[in-house]
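For the sequence shown, the positions run 124 to 327 when this note's numbering is used. In this text, a Cβ means the ideal position worked out from N, Cα and C, and glycines have one as well. Here the structure is a predicted model, which is why all the values come from computation and not from measurement. Some notes on the structure that comes next.
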Amino acid sequence: MYDLNYYGTDSDLLGGEGQGPLPDFCHKCGRCCRSATTYSSYTKLQEMVANGDKEAVDFLEIFEPYESIEAAREAVPDQVEQVLNIVASRDDMKLEDVTFYHCRFVTAEGLCGIYERRPRCCREAPAHGWSAMPPGCGFEGWQFEQRENQKRMIRDMKRSAYVLEQMSPDGKTHPLRPETTLDDLRALVAEKLKPWKMFGSDHW
Ligand code: SF4
Ligand code: SF4
């Protein structure tokens, strides 16, 4: 599942720097190219294209919607089931907004027909540990590691915030930077946590 227009770009989610070249764990099965979805509805994507959104333009240049969920299910059944289960479990997504897409450029062998000029959403997939890749994708282990690293970073951030609160001389002032208040610090931590809330960061 692509994060298009959900929290900005995928690289925003990763801290604005992008994640650099990914290790080559891909089995070249082509299933992700035949079962793409986005958090934004197809209608929303079309609006974004009309407004010149580069990522939406790139996405709809290569991806064509399936006529129905059943048609997508015939192509990549386990991925369609996985995505529908994710959507059904969330309050902020509606089943009627889900569209599955297949790429115009994936070959019958599952390879990329435009590999050297494939768009960024393909170069950076999976964008992060929670991107819903098809079951059995070669990136499963990599995604597990990414999820664990991200959780660790969030926990470290929360722990540091608690320690600073305890060290504060008056419960309001940052103990190491007196020009900053603890409210500033809490706001900063909340801002950093925001993109990960949908993946459960409140409980990490
Ligand atoms: S589903 Fe995973 S292993 Fe298959 S082509 Fe996509 S990235 Fe590669
Ligand atoms: S452009 Fe290539 S990598 Fe991207 S979805 Fe199409 S076939 Fe897959």
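Classify Y189 as buried or exposed, calling it buried when 16 or more other Cβ atoms lie within 10 Å of its own Cβ.
So Y189 ends up on the buried side.
Looking at the unbroken beta strand (DSSP E) that takes in E187, where does it start and where does it end?
Counted as a single uninterrupted DSSP element, the beta strand (DSSP E) harbouring E187 occupies residues 186-188.
Just verifying my parser: in three-state terms, what is the DSSP assignment at H326?
It is helical.
For ligand 1, I want to know if C152 counts as a neighbour, meaning its beta carbon is within less than 6 Å of at least one of the ligand's heavy atoms.
Indeed, a heavy atom of ligand 1 lies less than 6 Å from the Cβ.
Excluding sequence positions up to five away, which residues of its chain have a Cβ less than 6 Å from the Cβ of G138?
Any reading at G138 needs caution, since the residue's pLDDT is 36, under 50, leaving its predicted position unreliable; the model's value is listed next. Cβ within range, chain order: n/a, list empty.
With a threshold of 7 Å on Cβ separation, who are the neighbours of W327 within its own chain once the five nearest residues in sequence on each side are excluded?
Residues of the same chain with a CB within less than 7 Å of the CB of W327, apart from the 5 flanking positions on each side, are K274, I277, R278 in chain order.
Residue range of the beta strand (DSSP E) that C226 falls in?
Its beta strand (DSSP E) spans residues 224-226.
Residue from L311, S254, D293 with nearest C-alpha to M321
Residue S254 is the option with its Cα nearest to M321.
Does the Cβ of C245 lie closer than 6 Å to at least one heavy atom of ligand 1?
It does not: the Cβ of C245 is nowhere closer than 6 Å to a heavy atom of ligand 1.
Excluding sequence positions up to five away, which residues of its chain have a Cβ less than 6 Å from the Cβ of W265?
Correct list, in chain order: F148.
Can F223 be considered in contact with ligand 2, in the sense that its beta carbon sits closer than 6 Å to one or more heavy atoms?
No.
Please classify V221: does DSSP put it in a helix, a strand, or coil?
If DSSP states are grouped into helix, strand and coil, V221 belongs with coil.
Would you say K344 and L305 are within 7 Å of each other, going by their C-beta atoms?
Not covered by the structure: residue 344. The range shown for the chain is 124 to 327.
Beta-carbon proximity of C235 to R241, cut-off 7 Å
Closer than 7 Å, so yes.
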